[in-house]
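Number 254 in our numbering belongs to position 73 of the sequence shown; there are no gaps in the numbering. See structure below.
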Amino acid sequence: MYKILVVEDEEIIRKGLISLIDFEKYECMLVGEASNGVEGIQAIQELQPDIVISDINMPRMDGLAMIEKTIDYNYTAIIISGYSNFSYAQKAVRFGVSDYVLKPVEQKELEAALQQAIEQRNMLATYEKIQQNKDALHDIELLKVVQAKDALVQDMLQFVSAHYQERITIEDLCETLNYSESLLSRRFKQAVGLTFIEYLNRFRIQKAIELLKNKTFQPNEIPEQIGISEYKYFSVVFKKYMNCSPKQFVELLEESKTSNH
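Set out below in structure tokens:
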């Protein structure tokens with residue numbers, strides 16, 4: 182659930198903004214309200230909101246000053262203003278404000294701004310997860326050098342390498358090697374430390390990552406290259422190991438290239 186704080190000095194407008202938000206639809210919850218920038222700072226510090234919806238013109242402290250003083254709290258801001266002001270808009274962009282909505286606020290505009298803020302939060306969370314969880318990629322790369330002393334397990338590894346682009350199952354493996362599923366499963370887990378399906382999934386995601394990095398195929402073209410029939414299932418498996426969808430992974434690759442130049 183995304184935590185939302187609303188900062189607006191006029192109570193009737195503040196309550197009106199809250200009533201426009203379909204909290205259930207956007208998986209959000211209202212964690213607090215504030216009537217000026219000073220109260221807003223206190224609420225941000227105490228409540229740690231994900232998204233702050235704030236008016237600009239307020240007594241004691243305006244919305245942009247509040248955002249500037251709390252910029253390290255890592256929330257996404259949506260600014261509300263009674264009139265279009267280019268200098269305000271410039272400042273808002275400099276402070277990383279997600280959107281700038283003019284009064285009187287219409288539900289469609291507020292929802293669009295909220296959706297954009299949520300997408301921004303998702304991208305940030307995805308990037309942080311990948312940065313914090315580089316071990317996931319490291320583990321997948323280790324599959325390249327798995328060497329089993331057990332000759333039977335080595336045959337299983339070679340089978341995966343040769344047939345991962347096909348719709349293979351452990352039953353196919355049993356038929357090819359002429360051993361029972363229980364025996365193959367036990368021997369494989371003992372030697373590799375993973376179940377056969379887990380290894381196969383990791384092997385396929387490793388191949389998918391190589392294809393995405395090389396821009397060989399678009400994300401929606403990858404599944405058929407690695408033996409997965411549906412993009413939806415591929416996306417689920419990819420997200421399990423990489424903490425992001427294939428499309429988000431491509432976007433993050435592009436972002437990292439841009440930031441390195």
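A virtual CB, placed ideally from N, CA and C, is assigned to each residue, including glycine.
Practice task
Could you pull out every unbroken alpha helix (DSSP H) segment of at least 4 residues lying fully inside the region 391-430, listed in chain order?
Solution key: Within the region 391-430, the complete alpha helix (DSSP H) runs of at least 4 residues are 412-423.
Exercise for the section: Identify, in the order they occur along the chain, each residue of the same chain with its Cβ nearer than 6 Å to the Cβ of residue 225, setting aside the five sequence neighbours on each side. Expected result: Counting from one through the sequence shown, the residue named residue 225 turns up at place 44. Exclusion of the five residues before and after residue 225 leaves 251, 254 as the residues of its chain whose Cβ lies within less than 6 Å of its Cβ.
Exercise for the section: Could you check the C-alpha separation between residue 194 and residue 301 for me, to the nearest Å? Expected result: Mapped onto the sequence shown, residue 194 falls at position 13. Mapped onto the sequence shown, residue 301 falls at position 120. Whole-angstrom Cα-Cα distance: 26 Å.
Handout entry: Residues of its chain near residue 128, where Cβ-Cβ distance is below 8 Å and the 5 sequence neighbours each way are ignored
Key = The requested residue 128 is not part of the displayed model; the chain covers only 182 to 442.
Exercise for the section: Work out the CA separation of residue 381 and residue 331 for me, nearest whole Å. Expected result: Translated into the one-based positions of the sequence shown, residue 331 becomes position 150. Translated into the one-based positions of the sequence shown, residue 381 becomes position 200. Rounded to whole angstroms, residue 331 to residue 381 spans 18 Å at the Cα level.
Handout entry: Inter-stretch contact at 8 Å, needing at least 3 Cβ pairs: the region 391-400 / the region 335-343
Key = No, they do not touch.
Exercise for the section: Output yes or no for whether 8 Å exceeds the beta carbon distance between residue 291 and residue 262. Expected result: Within the sequence shown, residue 291 is the residue found at index 110, counting from 1. Within the sequence shown, residue 262 is the residue found at index 81, counting from 1. Not in contact: residue 291 and residue 262 (Cβ atoms no closer than 8 Å).
Practice task
Compare the beta carbon distance of residue 414 and residue 299 with 8 Å and say whether it is the shorter of the two.
Solution key: The residue you call residue 414 lines up with position 233 of the sequence shown. The residue you call residue 299 lines up with position 118 of the sequence shown. No, the Cβ-Cβ distance between residue 414 and residue 299 is not below 8 Å.
Exercise for the section: Return the residue from the list 392, 260, 346 that minimises the CA-CA distance to residue 238. Expected result: For the purposes of this step, residue 238 is taken as residue 57 along the sequence shown, with counting starting at 1. Distance from the Cα of residue 238 is smallest, within the candidate group 392, 260, 346, for 260.
Practice task
Check the DSSP bridge columns for residue 184 and list the partner residues they point to.
Solution key: To locate residue 184, count along the sequence shown from 1; it is residue 3. Under DSSP, residue 184 takes part in a beta bridge, and its partners are 210.
Practice task
Please name the residue, chosen from 367, 384, 202, that lies closest to residue 287 on a Cα-to-Cα basis.
Solution key: Taking the first residue of the sequence shown as position 1, residue 287 is located at position 106. Across the set 367, 384, 202, the C-alpha of 202 shows the shortest separation from the C-alpha of residue 287.
Handout entry: Own chain partners of residue 392 with C-beta closer than 7 Å, once the 5 adjacent residues on each side are dropped
Key = Taking the sequence shown and counting its residues from 1, one reaches residue 392 at position 211. Spatial neighbours of residue 392 in its own chain (CB-CB distance under 7 Å, excluding positions within 5 residues in sequence) are listed in chain order as 398, 403, 406.
Exercise for the section: Count the other CB atoms, across all protein chains shown, that sit within 10 Å of the CB of residue 243; report buried if there are 16 or more and exposed otherwise. Expected result: Locating residue 243 in the sequence shown gives position 62, counting from the first residue. By the neighbour-count definition (other C-beta atoms within 10 Å, threshold 16), residue 243 is a buried residue.
Problem - For residue 237, three-class secondary structure by DSSP - result: Counting from one through the sequence shown, the residue named residue 237 turns up at place 56. Reduced to three states, the DSSP call for residue 237 is coil.
Handout entry: Exposure of residue 417, with buried meaning 16 or more beta-carbon neighbours within 10 Å
Key = Taking the first residue of the sequence shown as 1, we reach residue 417 at position 236. The residue in question, residue 417, is exposed, as its Cβ has fewer than 16 Cβ neighbours within 10 Å.
Problem - DSSP-derived helix/strand/coil call for residue 262 - result: As a first step, residue 262 must be located in the sequence shown, where it is residue number 81. The three-state reading of DSSP puts residue 262 in strand, counting E and B together.
Exercise for the section: Please classify residue 256: does DSSP put it in a helix, a strand, or coil? Expected result: Residue numbering aside, residue 256 sits at position 75 when the sequence shown is read from its first letter. Three-state result, residue 256: coil.
Handout entry: Simplified DSSP state of residue 248, which is helix, strand or coil
Key = Taking the first residue of the sequence shown as 1, we reach residue 248 at position 67. DSSP, read as helix, strand or coil, puts residue 248 in helix.
Handout entry: residue 232 - partner residues in DSSP beta bridges
Key = Mapped onto the sequence shown, residue 232 falls at position 51. According to DSSP, which records beta bridges pairwise, residue 232 is partnered with 185, 257.
Problem - Start and end residues, beta strand (DSSP E) containing residue 280 - result: Indexing the sequence shown from 1 puts residue 280 at position 99. That run of the beta strand (DSSP E) goes 280-283.
Exercise for the section: Take residue 377 as the anchor and find which of 409, 349, 387 has the nearest alpha-carbon. Expected result: Your numbering for residue 377 matches position 196 in the sequence shown. When the alpha-carbon of residue 377 is set against those of 409, 349, 387, the nearest one is in 349.
Handout entry: For residue 215, the residue or residues it bridges with in DSSP
Key = Counting from 1 along the sequence shown, the entry for residue 215 is found at position 34. According to DSSP, which records beta bridges pairwise, residue 215 is partnered with 188.
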